[in-house]
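Notes follow the structure.
Protein chains: 2
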Amino acid sequence: MSEIFKRTHMCGELRMENAGETVVLNGWVSRQRRLGGLIFVDLRDKTGIVQITFDESVPKEIFDRAQALRGEYVIGIKGTVRERASRNPELPTGDVEVFASDMILYAEAATPPIYIRDDDNADDNLRLKYRYLDLRKLKMQRNLTFRHRIAKVTRDYFDEQGFTEVETPMLVRSTPEGARDYLVPSRVNPGQFYALPQSPQLFKQLLMVGGTDRYIQIAKCFRDEDLRADRQPEFTQIDMEMSFVDMDDVIGMQEGYLKRLFRDVMDIEIETPFPRLTWQEAMERYGSDKPDTRFGFELKKLNDVKAVAETEFMVFRNALDSGGDVRGICIEGGSKQFSRKDIDKLTEAVKPYGARGLVWIRREENGYKSSVNKFFSEEQLDEIAAVFGAAAGDLILIASDRPKVVFDSLGFLRRHIAGMMGLLDDRQFNLLWVVDFPMFEKDEETGRVKAMHHPFTHPKAEDIPMLDTDPLRVRADAYDIVLNGVEMGGGSIRIHDRKLQAKMFEILGISEEESIQKFGFLLEAFKYGAPPHGGLAYGLDRMVMLLAGEHSIRDVMAFPKNQNAQCLVSDAPNTVDEEQLEELSIRLR
Amino acid sequence: MSEIFKRTHMCGELRMENAGETVVLNGWVSRQRRLGGLIFVDLRDKTGIVQITFDESVPKEIFDRAQALRGEYVIGIKGTVRERASRNPELPTGDVEVFASDMILYAEAATPPIYIRDDDNADDNLRLKYRYLDLRKLKMQRNLTFRHRIAKVTRDYFDEQGFTEVETPMLVRSTPEGARDYLVPSRVNPGQFYALPQSPQLFKQLLMVGGTDRYIQIAKCFRDEDLRADRQPEFTQIDMEMSFVDMDDVIGMQEGYLKRLFRDVMDIEIETPFPRLTWQEAMERYGSDKPDTRFGFELKKLNDVKAVAETEFMVFRNALDSGGDVRGICIEGGSKQFSRKDIDKLTEAVKPYGARGLVWIRREENGYKSSVNKFFSEEQLDEIAAVFGAAAGDLILIASDRPKVVFDSLGFLRRHIAGMMGLLDDRQFNLLWVVDFPMFEKDEETGRVKAMHHPFTHPKAEDIPMLDTDPLRVRADAYDIVLNGVEMGGGSIRIHDRKLQAKMFEILGISEEESIQKFGFLLEAFKYGAPPHGGLAYGLDRMVMLLAGEHSIRDVMAFPKNQNAQCLVSDAPNTVDEEQLEELSIRLR
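Set out below in structure tokens:
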């Protein structure tokens, strides 16, 4: 092995207080240039960039080699730190330079196909193909380090709280529930398959039955879904479970964790406890079970406002008469900002949510302008405006349809408009809990009742009697943690009673035979004494993305797949030898 | 959700100093018995067992419920700690009992199919099927916690040393190198497959090219091999890599880590630096590249001893004339312990290593008894015995054959005999490095040269000139860490030069086309400036097993597979729907 210069500092660390020190650095040449008999090299490692200077006092042989340096050459430098004549305020190390006395060349480099600069706007697929170059960007290394830091603080905290990190298996049983599984053919058991886990849910419940008491794992999970919307085939969960707890215990533990996390990695003190909204309240006020509370624009229900309740305006009338809702939001000061054309665009934007139109009302200094002037008198508009406390200059937008459509449309709209108005402050972190989710929802396609979370969620004790009579009104001991309108995690208290679990399967239309085939081992385990237990899981990728202020989870993963689930660095997936398939007792179709 | 007693203590924590305290406990009924109007319940959680006592002062309703308790019922207890009348010295909590005032029953339990006791010797498959019951054993929970502790200390240490934990992908490219891959059919890319990683080797090298500088990961790895010898389809590595380092840097970092690990989890101070043996020395002295140095019995070469060199004894003669070796070990005081019959058994035991026989020589008070008295005079036996410094009562065992057979046989034999003689002290931890491995070895089947570690290992600088002339004599910058005769980990300095890497592929008979197809992305990456780098990986399962004093890695994993690679808890692998296969563009053969 060739000689290695033993590093004394990282490039990004050097400051004025290092002046006079002899240092050894290793890194990549970010830039080399010659100026007035001197050679300047910007040397980069993961911590930053520092300027290296060669003058004619170094041996000619070294000077010549310094002159031959090109971008991305890998070198080691010995030298002395000194104050820089012309300071560079854009670099943290910009007050100093390293006056080289020796240099070693570890490796040459061809011209890279992408620029190693944070603001390089290379095509995504090019960035993924040359990920090892993309990762040299300071921002990408910062993101990897930040992710590491979050994982570390997470493990520290839960370790202190008596949690045990347990590795659950990656080769598990396929259950045709939920998302699509990735399958792994078994060679030893021909014709049979493992699945890669969508979550460690069943195993963590078994750990509770096994007495592990407090479990945590930062676990790889897999879903073979279409990769729209910044999803990845493999993703990472912070997964945990606790025995002998109720919802308050689980929530309290998480608040302690998140407080610590924000303090340690963000240097931000957040207040606990976080606000709790029931699912019902979240929908009514924000039109969403992931409310963003950094701004107002809360939804108001207009069904019972006399002007609306008695209206002959057909759009409202039809909605009300078919059991739907009329709800609106008030954009303070929005009247000036949104022209008629803008409102048309907003109307377009809510169409994917099912809304066929929006009613708008502008509160003016004197009276109103609105899309429904023909149908409502000024007094009636007063009545509506009063619900919102609307003042002159405000814009009211109203949707009327089935409740779900109204909620989804307005829920989207308020955040969309807040974004347009610049109200989404990246440095503000509003955490809240949404609790008391409905236990079930109606599958719109099949009309069947399905579990809103998963079939192991415990119904609220007081709602259990309704399981038989009115299951859609049963609420669950389920909770989501929401940050700025994004679901960061969620969990529930689980059923630990075999009979109640069997009843849930029955309500979900899962036959006894099917439930035994799929989850028999869990029901069997419950026979032998299961403790009450509950837990929660965070999406780590999304959490890191949110806290790092990034907009794609790909920027917080080392080697993500592209939109076609391919790893462009290593060119996976690929074709394999026929012999391999033969050994696995499978063939291609 | 039903009421939960909020725990104040764990069962195993209570001691005399808690006497008088009101406590709340949750756990499983380990035993219930009635004695003289009192009910005694042994309550168990993961920390241990404590005695709960009910007398008639509790409400009758509670007393009755306590009376109905059976094994593995899950309960909560409120009560007062008091000194126990008849202390139980076998329990850490045996000085106290908890005098119950209230009780809650969380769940009943059927009679479990295995005993929840550390010394339950249930059949392995039964233990795996009811793993959630097996895990209730205190020993199993202790093992899980111990494993957690090792992982935690590992992460703490390397975090302090500036390492970043980076998650490398689980869905990777299949390379028909090394062991058999687990394959994952791609739905989005029909006819193509991912592999599950056998190790993060290539990705960690790419991270170094990407400037990550110091990488660690506790990573799941997969090998579809036959499961003899306590292997598992999925296993866990502590995997790391460093840039700008030589072998001494990597080794020094590990010694710091292992010192810290032994201190923190074993409460043992180990001395650093560890001894380093070259591979050659390890073979010559111990007949193994994983020497156990807790005892003597070192190998001695007899080829050049006059009595042997000139012998007409055909067994030795043939070995020497065909380029083989005559080597032996001396078992101090072994003569009495091993009868003629015992030696016959030892001769049987080395047959799997290729040895066709063993020569034995007993040093007596006066002269020798041996299996070769006919061929060697007493003076000649003196000459042989002198090599070992044999004294009266010692037993010399000699093998002669090809060097590999001699090393393997004697290497096995010395440890086997040490085991029989009770010399393998579980509380002694002899750590050492084996370095300077041969770069290549000859594949006995094909006669081709193959890599001893892997094709990315850097040859020793001074041996590079021999790559062309005498590759089998080239040594590698590779190192294994050995604990008590078991390889706990290993690594190497990697090649970071594209041309040298290409040359290695050439020597290994990998065509340019093949190397580009398999490892092209690594060669491509090396084009753009790769730093010198090296690393190491530990087998975590084996490490935990060794330090926990267990004899199977299954006892330090939560949900291991059985010998047929099945998960008996969840019954994986299993058959899947035809539709699932169709979506994946595969069918069964």
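Chains as they are written, first to last, in the numbering used here: chain S, 1 to 589; chain C, 590 to 1178.
For glycine and all other residues, C-beta sits at the position ideal for the given N, C-alpha and C.
Coil, strand or helix - residue i by DSSP
i: F884(C); result: coil
i: L424(S); result: coil
i: V576(S); result: coil
i: I973(C); result: helix
i: P1048(C); result: strand
i: Q553(C); result: Residue 553(C) cannot be examined here, being either before or after the span of chain C that is shown, 590 to 1178.
i: K635(C); result: coil
i: T8(S); result: coil
i: D748(C); result: helix
i: S998(C); result: helix
i: V630(C); result: strand
i: D910(C); result: helix
i: M16(S); result: helix
i: M590(C); result: With a pLDDT of 44 at M590(C), under the threshold of 50, the modelled position of this residue cannot be trusted, and the question is left open.
i: L536(S); result: strand
i: G1109(C); result: helix
i: Q337(S); result: helix
i: Q67(S); result: helix
i: V188(S); result: coil
i: A674(C); result: coil
i: V449(S); result: strand
Contacts of residue i in chain C (Cβ-Cβ under 9 Å)
i: H496(S); result: V663, Y695 and A696
i: P455(S); result: Within chain C, no residue comes near P455(S); the closest Cβ sits about 16 Å away, beyond 9 Å.
i: G79(S); result: Per Cβ cutoff of 9 Å: no residues; G79(S) is ~16 Å from chain C at best.
i: L135(S); result: L795, L796, V798, G799, G800 and T801
Contact list for residue i against chain C, beta-carbon separation under 8 Å
i: K527(S); result: A698 and A699
i: L591(S); result: Not covered by the structure: residue 591(S). The range shown for chain S is 1 to 589.
i: R173(S); result: C1156, S1159, D1160, A1161, P1162 and N1163
i: V405(S); result: Going along chain C, no residue has its Cβ under 8 Å from V405(S), so there is no contact; the nearest lies around 32 Å.
i: N564(S); result: V777 and N778
Supposed contact pair residue j and residue i - C-beta distance, whole angstroms, cut 8 Å
i: E241(S); j: Q205(S); result: 7 Å
i: P880(C); j: G1074(C); result: 7 Å
i: M627(S); j: T47(S); result: What the structure shows of chain S is the stretch from 1 to 589, and residue 627(S) is not part of that stretch, so it cannot be assessed.
i: M543(S); j: M488(S); result: 6 Å
i: S775(C); j: A565(S); result: 7 Å
i: R716(C); j: I703(C); result: 6 Å
i: L733(C); j: A1137(C); result: Between A1137(C) and L733(C) the Cβ distance is about 10 Å, and since that is not below 8 Å, they are no contact.
Amino acids of chain S, ordered along the chain, whose beta-carbon sits closer than 9 Å to that of residue i
i: R1003(C); result: The contacting residues do not exist; R1003(C) stays about 33 Å from chain S at best.
i: R1178(C); result: P190, G191, L581, E582, L584, S585, I586 and R587
Contact set between residue i and chain S, taken where Cβ atoms lie within less than 7 Å
i: T753(C); result: L144, T145 and H148
Contact list for residue i against chain C, beta-carbon separation under 7 Å
i: P169(S); result: E823, F1148 and C1156
Name, going along the chain, the residues of the segment 177 to 192 of chain S whose beta-carbon falls closer than 7 Å to a beta-carbon of chain C.
Y182, L183, V184, P185, S186, R187, V188, N189, G191 and Q192
Members of the segment 421 to 452 of chain S near chain C, C-beta cut-off 8 Å:
Correct list: empty, as no residue qualifies.
Contact set between the segment 594 to 624 of chain C and chain S, restricted to residues whose Cβ is under 7 Å from the partner
Taking 7 Å as the upper bound on Cβ-Cβ separation, chain S lies near residues R596, N615 and W617 of the segment 594 to 624 of chain C.
May I ask you to list, following chain order, the residues of the segment 959 to 970 of chain C that have a beta carbon less than 8 Å from some beta carbon of chain S?
none
Indicate whether the contact test is met: 3 or more Cβ pairs, each with one atom in the segment 1052 to 1068 of chain C and one in the segment 1015 to 1026 of chain C, closer than 8 Å.
yes
Taking beta-carbon pairs under 7 Å, can you tell me which members of the segment 137 to 159 of chain S lie near chain C?
Q141, L144, T145, H148, A151, K152, R155 and D159
Determine contact between the segment 16 to 34 of chain S and the segment 54 to 73 of chain S, defined as no fewer than three beta-carbon pairs at a distance below 8 Å.
yes
Residues of the segment 834 to 867 of chain C whose Cβ lies closer than 9 Å to any Cβ of chain S, in chain order
V834, D835, M836 and D838
Along the segment 509 to 521 of chain S, where does the CB come closer than 7 Å to a CB of chain C? Name the residues.
Residues of the segment 509 to 521 of chain S with a C-beta less than 7 Å from any C-beta of chain C: F521, listed in chain order.
Meets three-Cβ-pair contact criterion under 8 Å: the segment 325 to 343 of chain S and the segment 398 to 418 of chain S:
yes
According to a CB-to-CB cut-off of less than 8 Å, which residues of the segment 792 to 812 of chain C neighbour chain S?
F792, L795, L796, V798, G799, G800, T801, D802, K809 and F811
Using a Cβ-Cβ cutoff of 8 Å, what residues of the segment 1130 to 1148 of chain C are near chain S? List them in chain order.
Within the segment 1130 to 1148 of chain C, M1146, A1147 and F1148 place their CB atoms closer than 8 Å to a CB of chain S, listed in sequence order.
Does the count of Cβ pairs from the segment 781 to 788 of chain C and the segment 755 to 773 of chain C closer than 8 Å reach three?
Contact holds: three or more Cβ-Cβ distances are below 8 Å.
Members of the segment 634 to 656 of chain C that neighbour chain S once the beta carbon cut-off is set at 7 Å:
Hits within the stretch, in order: D634 and K635.
When you check each C-beta in the segment 1059 to 1092 of chain C against every C-beta of chain S, which residues fall closer than 8 Å?
D1066, I1082, H1085 and D1086
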